[in-house]
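For reference, the structure is listed below as structure tokens.
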Amino acid sequence: MGGLNLEVFKFGMYVMFPIGIMYYFGTNLDERFAVADFWPRAENANTVPLDRDEIQKELARLRARRLYLRDQRLAEEARRPPPPPSQEENNSQDK
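Numbering-wise (this note's numbering), the sequence shown opens with residue 220 and increments by one.
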């Protein structure tokens, strides 16, 4: 298969492959391949605050969350015992 015949074959494949796929799967692809409840509902999705009051509330919520997580991290670090000294530190103190 060389020369012109190969070009005609390639052109036929380029044209007929997408047409064959569309014929095989049909036109109702949204119904056949859709996943139920894939996108979140509007009440569950995040919204961008536009009002000055909404922005202040969101900043207060983020600040409270950040401080809560910081307090949790500091409490966890206070409960954790200090790490044992490493061998290099012991050797350097002995000298």
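Positions of the beta carbon are idealized from the N, C-alpha and C atoms, including for glycine.
Inclusion of E277 and P268 in the CB contact set at 9 Å is warranted, their separation being smaller than that value.
Look at L269 here: in three-state DSSP terms it is coil, with no helix or strand label. The DSSP-derived three-state label of E277 is helix.
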